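See structure below.
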Amino acid sequence: MRPTYASLLALGAVFVLGGCTMNQEYDLVQNETMVHELAYEHWTQGELAEHLTAERGDTRDVVHELAEQRKENRTTYRDLQTERMEEGDLSRQLAATNARVETLKGELAAKAGEEQTLASEVQATRDRVEALTRELLALQASAAAMEESLRGRAASASGEVPQPGTGENLAPPAAEGSEPAGPGGG
Numbered sequence: 024m025r026p027t028y029a030s031l032l033a034l035g036a037v038f039v040l041g042g043c044t045m046n047q048e049y050d051l052v053q054n055e056t057m058v059h060e061l062a063y064e065h066w067t068q069g070e071l072a073e074h075l076t077a078e079r080g081d082t083r084d085v086v087h088e089l090a091e092q093r094k095e096n097r098t099t100y101r102d103l104q105t106e107r108m109e110e111g112d113l114s115r116q117l118a119a120t121n122a123r124v125e126t127l128k129g130e131l132a133a134k135a136g137e138e139q140t141l142a143s144e145v146q147a148t149r150d151r152v153e154a155l156t157r158e159l160l161a162l163q164a165s166a167a168a169m170e171e172s173l174r175g176r177a178a179s180a181s182g183e184v185p186q187p188g189t190g191e192n193l194a195p196p197a198a199e200g201s202e203p204a205g206p207g208g209g
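The opening position of the sequence shown corresponds to residue 24 in this note's numbering, with each subsequent residue numbered one higher.
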């Protein structure tokens, strides 16, 4: 608080009426002004001290928050490093699995080729068996026809009548009074 002009005049009037000299009055006014200035400076320093104390407290809070954030950042960094290492492990495992899948695909394709070859061989064998079966049936039919033909020849040589399809020979009809011949020409 600075002294006002009115307060200085009032002070001067008090000193003049009190019998002070001008120099004494000037000294008293100077002293009074210095007292006011000191009071003002003291008040200002108190305000500054309070302000600095408040700022110091704010600074401590900020420093504390920064320390907490630093701890959190370190933890996050460690977690990220761990995840990165795990990602690397998983990438290596995935690459190994992919390589294994490709190997298995190759093996499967080879087995499919082998199976196709075997299926072709089986089909060829089946076709051959069917051809051989047809040949066998043809040979059996031919053998049966030959046997029938031979029986017919044998029967005609012995005079018996062959019965078709049974392979039995019947004796020619017997003349009256003669006995029928048994199988085999009798």
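Note that CB positions come from ideal geometry on N, CA and C, so glycine has one too.
Predicted, not measured: the structure shown is a model, and the values here were computed from it.
Please classify A178: is it buried, with 16 or more other beta-carbons within 10 angstroms of its beta-carbon, or exposed?
-> Counted from its first residue, the sequence shown places residue 178 at position 155. It is buried - the Cβ of A178 has at least 16 other Cβ atoms within 10 Å.
In whole angstroms, what is the alpha-carbon distance linking A77 and Q116?
-> In the sequence shown, residue 77 corresponds to position 54, counting from 1. In the sequence shown, residue 116 corresponds to position 93, counting from 1. Inter-residue distance for A77 and Q116 is about 58 Å (C-alpha atoms, whole angstroms).
Output the distance between the C-alpha atoms of S165 and L173, rounded to the nearest integer angstrom.
-> What you label residue 165 is simply residue 142 of the sequence shown in a count that begins at 1. What you label residue 173 is simply residue 150 of the sequence shown in a count that begins at 1. Looking at the backbone, the Cα of S165 and that of L173 are separated by about 12 Å.
Distance, A142 Cα to T156 Cα | If you number the sequence shown from 1, residue 156 lands on position 133. If you number the sequence shown from 1, residue 142 lands on position 119. Each residue's Cα considered, the two are about 20 Å apart.
Rounded straight-line distance, which links the Cα of D84 to that of R123 | Position 100 of the sequence shown, counted from the first residue, corresponds to residue 123. Position 61 of the sequence shown, counted from the first residue, corresponds to residue 84. Rounded to the nearest angstrom, the two C-alpha atoms are 57 Å apart.
State the Cα-Cα distance for the pair N54 and T82, rounded to the nearest angstrom.
-> Within the sequence shown, numbered from 1, the residue matching residue 54 stands at position 31. Within the sequence shown, numbered from 1, the residue matching residue 82 stands at position 59. Roughly 40 Å separates the two Cα atoms.
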